[in-house]
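Peer 1: Pasting a structure here, questions to come.
Numbering (the working numbering), first residue to last: 1420 to 1937.
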């Protein structure tokens, strides 16, 4: 294989999820241009997530869960874990090669332009289809800011990716990148200690800045980050494929447990196997297809959920489940292959500009972004903890007090819809006309226990007009409560309650045509 000295290569970084040229650092300090097996793994990881999400979408459309019995939550978690392990491996190489400013800016232009392109395309598509979608600017930043409205429904993984890049860039700016592997090893040990002590205690997909470091989902990236060191020291044993593939099958179908944890070791093993036995070029037509899908994997990951959502919105109710499943998968793959050339062209254009840019400009851009990223994440952390305190206060009001009544309160449950998969969507409103700005939370309660609770955050201009209160047109006193399908009505009737921040809670009127448990 041809080698090129590092000094002759443009100082630019590789993408996480999709690029034709995958670089790996050899022991003699040269860069080789190929390990096509990493491209195959990108393709496989994206397809794994796609198969799981297609199965979820079919269940939501018509209630058929048969595909989920085969392509269940493990495959979604496994695809994400493989992506993270691949990214960790590549970042372990790049952080030692690029100066921190060039590293950070290269990561920015790899992640954001394709994501923003996908957001624009699907905002227009939803608008044209009659579904007006709002865009959360903090969600677009990809900072760890807790619960956000992610437009493409998959950006939560990019929150982790961007956080890793910021941490690595800060290590570089601090002159500590030579200790990066040791820090990764200590980070792994800390997570394992927390897991042994507390287990999986939070939803890993929506972390705050203070919560992200201790999430178990960091493990694939961190172990992947150590793979370059293990490979250079020849500590990766041969025959890893013989362990990785059976381990994946066993974790998927035989070993019980949380899919997020079961997927970690198989994902790390499969990436380690690809690193241990690199392959320069595809040798078969099947390999060339895998390479092309690897190139398209980032766009496939970004686009498949909004595309399948649109696809499902227009699919007839009588459509066969297999047709829905295959149609969603086929449309997603075709669309991503069509967009992949634009993705790669953008990436190459930005690489050229970064290679020619003065280091001082890159440094200013990188440090400015890091300051904004960390600042917004820190503010969101503080704000989210305030909201959690308000949430806990509302829970105490509902569970400890008795319902009140007031002539100035208007509250009603005016709509209940059951989705094909059994999920209940409960809509209503509650407002004290004398205190319309009073913070309130709505909850579904069964036998004195809260099933689900949300802050009132929807505008109900229709009700404001009916009360001749134009001042309430922009107020948020409506609620939408989603009761998961696992909460069966057969276990008992639900009750809806609303807690006001002044200590009162009320039971909204149920509209005559509405039944909470139909």
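We put the CB at the ideal spot given by N, CA and C, even for glycine.
#1: What's the gap between the Cα of residue 1805 and the Cα of residue 1831?
#2: In angstroms, rounded to a whole number, what distance separates the CA positions of residue 1826 and residue 1917?
#3: I need the boundaries of the alpha helix (DSSP H) containing residue 1818, first residue and last residue.
#4: So, residue 1505 versus residue 1461, is the Cβ gap smaller than 9 Å?
#5: Give the single residue among 1543, 1533, 1538, 1598 whose Cα lies nearest to the Cα of residue 1555.
#6: Taking residue 1892 as the reference, give the member of 1850, 1899, 1871, 1868 with the closest Cα.
#7: Do the segment 1574 to 1589 and the segment 1782 to 1794 meet, that is, are 3 or more Cβ pairs less than 8 Å apart?
#8: Classify residue 1728: buried if its beta carbon has 16 or more other beta carbons within 10 angstroms, exposed otherwise.
#9: Give the straight-line distance between the Cα atoms of residue 1447 and residue 1648, rounded to the nearest whole angstrom.
#10: If we ignore side chains and look at the alpha-carbon of each, how far apart do residue 1656 and residue 1902 end up?
#11: If we count the other Cβ atoms within 10 Å of its Cβ and call it buried at 16 or more, is residue 1978 buried or exposed?
#12: Are the segment 1686 to 1697 and the segment 1656 to 1668 touching by the rule of at least three beta carbon pairs closer than 8 Å?
#13: Can you give me the Cβ contacts of residue 1750 inside the same chain, cut-off strictly under 7 Å, excluding the 5 residues immediately before and after it?
#14: Does the pairing of the segment 1875 to 1885 with the segment 1809 to 1822 give three or more beta-carbon distances under 8 Å?
#15: Are there 16 or more other CB atoms within 10 angstroms of the CB of residue 1677, so buried, or fewer, so exposed?
#16: In the structure shown, what three-state DSSP assignment does residue 1895 receive?
#17: Put residue 1828 into one of helix, strand or coil per three-state DSSP.
#18: With DSSP collapsed to three states, give me the class of residue 1588.
#19: Between the beta-carbon of residue 1933 and the beta-carbon of residue 1833, is there less than 9 Å?
#20: From the DSSP output, read off the bridge partner residues of residue 1919.
#21: DSSP has residue 1925 in a bridge; who is on the other side?
#22: Which class does residue 1865 belong to by DSSP, given the choice of helix, strand or coil?
#23: Between 1493, 1931, 1483, 1837, which has its C-alpha nearest residue 1466's C-alpha?
#24: With distances taken from CA atoms, which of 1738, 1475, 1564 is nearest residue 1489?
#25: Look at residue 1522 and residue 1514 and say whether their C-beta atoms are less than 9 Å apart.
#26: Which of the three DSSP states is assigned to residue 1708 in this structure?
#27: Going by C-alpha to C-alpha distance, which of 1477, 1532, 1848, 1485 sits closest to residue 1930?
#28: Going along the chain, which residues of its own chain have a beta-carbon closer than 8 Å to the beta-carbon of residue 1698, five neighbours each way excluded?
#29: Does the segment 1559 to 1574 touch the segment 1603 to 1610, meaning 3 or more C-beta pairs lie closer than 8 Å?
#30: Throw me the rounded Cβ distance for the residue 1799 and residue 1636 pair, which I believe falls under 8 Å.
#31: DSSP on residue 1435, reduced to helix/strand/coil?
#32: Residue 1709 to residue 1717, Cα distance in whole Å?
#33: Can you name the residues that DSSP bridges to residue 1848?
#34: Can you list, in chain order, the residues of its chain whose CB lies under 6 Å from that of residue 1874, leaving out five sequence neighbours each side?
#35: Can you tell me where the alpha helix (DSSP H) with residue 1525 in it begins and where it stops?
#36: At the level of alpha carbons, what is the spacing between residue 1894 and residue 1604?
Peer 2: Taking the coordinates as given:
#1: Here the question's residue 1805 lines up with position 386 in the chain shown. Here the question's residue 1831 lines up with position 412 in the chain shown. Between the C-alpha atoms of residue 1805 and residue 1831 there is a straight-line separation of about 27 Å.
#2: For the purposes of this step, residue 1826 is taken as the residue at position 407 of the chain shown. For the purposes of this step, residue 1917 is taken as the residue at position 498 of the chain shown. Near 15 Å, if we compare the C-alpha coordinates of residue 1917 and residue 1826.
#3: The residue labelled residue 1818 in the question sits at position 399 within the chain shown. 1778 to 1819 is the span of the alpha helix (DSSP H), which, as asked, contains residue 1818.
#4: Numbered from 1 along the chain shown, position 86 holds the residue referred to as residue 1505. Numbered from 1 along the chain shown, position 42 holds the residue referred to as residue 1461. Yes; because the gap between Cβ atoms is below 9 Å, this pair is in contact.
#5: Sequence index remark: in the chain shown, residue 1555 carries index 136 (1-based). Measuring from the Cα of residue 1555, the nearest candidate turns out to be 1538.
#6: Translated into positions along the chain shown, residue 1892 becomes position 473. Minimum Cα distance to residue 1892 is reached at 1850.
#7: Result yes; three or more Cβ-Cβ pairs closer than 8 Å.
#8: Start at 1 with the first residue of the chain shown, and residue 1728 comes out as number 309. It counts as buried.
#9: Taking the chain shown and counting its residues from 1, one reaches residue 1447 at position 28. Taking the chain shown and counting its residues from 1, one reaches residue 1648 at position 229. Bear in mind that the predicted position of residue 1447 carries a pLDDT of just 35, short of 50, making it unreliable; the figure below should be weighed with that in mind. Rounded to whole angstroms, residue 1447 to residue 1648 spans 13 Å at the Cα level.
#10: Translated into positions along the chain shown, residue 1656 becomes position 237. Translated into positions along the chain shown, residue 1902 becomes position 483. Approximately 48 Å between the Cα atoms of the pair.
#11: With the chain covering only 1420 through 1937, there is no way to say anything about residue 1978.
#12: Short answer: they touch.
#13: One-based indexing of the chain shown puts residue 1750 at position 331. Hits under 7 Å: 1726, 1730.
#14: Segment contact: the segment 1875 to 1885 against the segment 1809 to 1822, fewer than three CB-CB distances shorter than 8 Å; contact not assigned.
#15: Along the chain shown, one-based indexing puts residue 1677 at 258. Exposed, because fewer than 16 other Cβ atoms sit within 10 Å of the Cβ of residue 1677.
#16: Position 476 of the chain shown, counting from 1, holds the residue named residue 1895. Note: residue 1895 maps to strand in three-state DSSP.
#17: Position 409 of the chain shown, counted from the start, is the residue given in the question as residue 1828. Judged by DSSP in its simplified three-state form, residue 1828 adopts strand.
#18: Within the chain shown, the letter at position 169 stands for residue 1588. Residue 1588: helix per DSSP, three-state reduction.
#19: Indexing the chain shown from 1 puts residue 1933 at position 514. Indexing the chain shown from 1 puts residue 1833 at position 414. Yes, these two residues count as a Cβ contact at 9 Å.
#20: By one-based count along the chain shown, residue 1919 stands at place 500. Residue 1919 pairs with 1859.
#21: Working through the chain shown from its first residue, we reach residue 1925 at position 506. Residue 1925 is bridged by DSSP to 1917.
#22: For this step, residue 1865 is matched to residue 446 along the chain shown. The answer is strand: DSSP assigns residue 1865 an E or B state.
#23: Translated into the one-based positions of the chain shown, residue 1466 becomes position 47. Here the closest residue by C-alpha is 1493.
#24: On the chain shown, residue 1489 is found 70 positions in, with the first residue counted as 1. Ranked by Cα distance from residue 1489, the options 1738, 1475, 1564 are led by 1475.
#25: For the purposes of this step, residue 1522 is taken as the residue at position 103 of the chain shown. For the purposes of this step, residue 1514 is taken as the residue at position 95 of the chain shown. Pairing residue 1522 with residue 1514 gives a Cβ-Cβ distance under 9 Å.
#26: Here residue 1708 refers to the residue found at position 289 when the chain shown is read from its first residue. Residue 1708 falls in the helix class under three-state DSSP.
#27: Here residue 1930 refers to the residue found at position 511 when the chain shown is read from its first residue. With respect to the C-alpha of residue 1930, the residue from 1477, 1532, 1848, 1485 having the closest C-alpha is 1848.
#28: The residue you call residue 1698 lines up with position 279 of the chain shown. Excluding its 5 nearest sequence neighbours in each direction, residue 1698 has C-beta neighbours in its own chain below 8 Å: 1453, 1454, 1455, 1456, listed in chain order.
#29: Contact fails: fewer than three Cβ-Cβ distances are below 8 Å.
#30: Here residue 1799 is taken as the residue at index 380 of the chain shown, counted from 1. Here residue 1636 is taken as the residue at index 217 of the chain shown, counted from 1. Going by Cβ atoms, the distance from residue 1799 to residue 1636 rounds to 19 Å, so no, they are not a contact pair.
#31: Your numbering for residue 1435 matches position 16 in the chain shown. Residue placement at residue 1435 is flagged as unreliable, the pLDDT there being 38, under the threshold of 50; the coordinate-derived value follows with that caveat. In the structure shown, the three-state DSSP call for residue 1435 is coil.
#32: Indexing the chain shown from 1 puts residue 1709 at position 290. Indexing the chain shown from 1 puts residue 1717 at position 298. The C-alpha of residue 1717 is placed about 14 Å away from the C-alpha of residue 1709.
#33: Position 429 of the chain shown, counted from the first residue, corresponds to residue 1848. 1831, 1897, per the DSSP bridge assignment.
#34: Translated into positions along the chain shown, residue 1874 becomes position 455. Cβ neighbours of residue 1874 beyond the five flanking positions: 1860.
#35: Position 106 of the chain shown holds residue 1525. If you look at residue 1525, you'll find it in the alpha helix (DSSP H) that goes 1519 to 1547.
#36: Walking along the chain shown from the start, residue 1894 turns up at place 475. Walking along the chain shown from the start, residue 1604 turns up at place 185. Whole-angstrom Cα-Cα distance: 50 Å.
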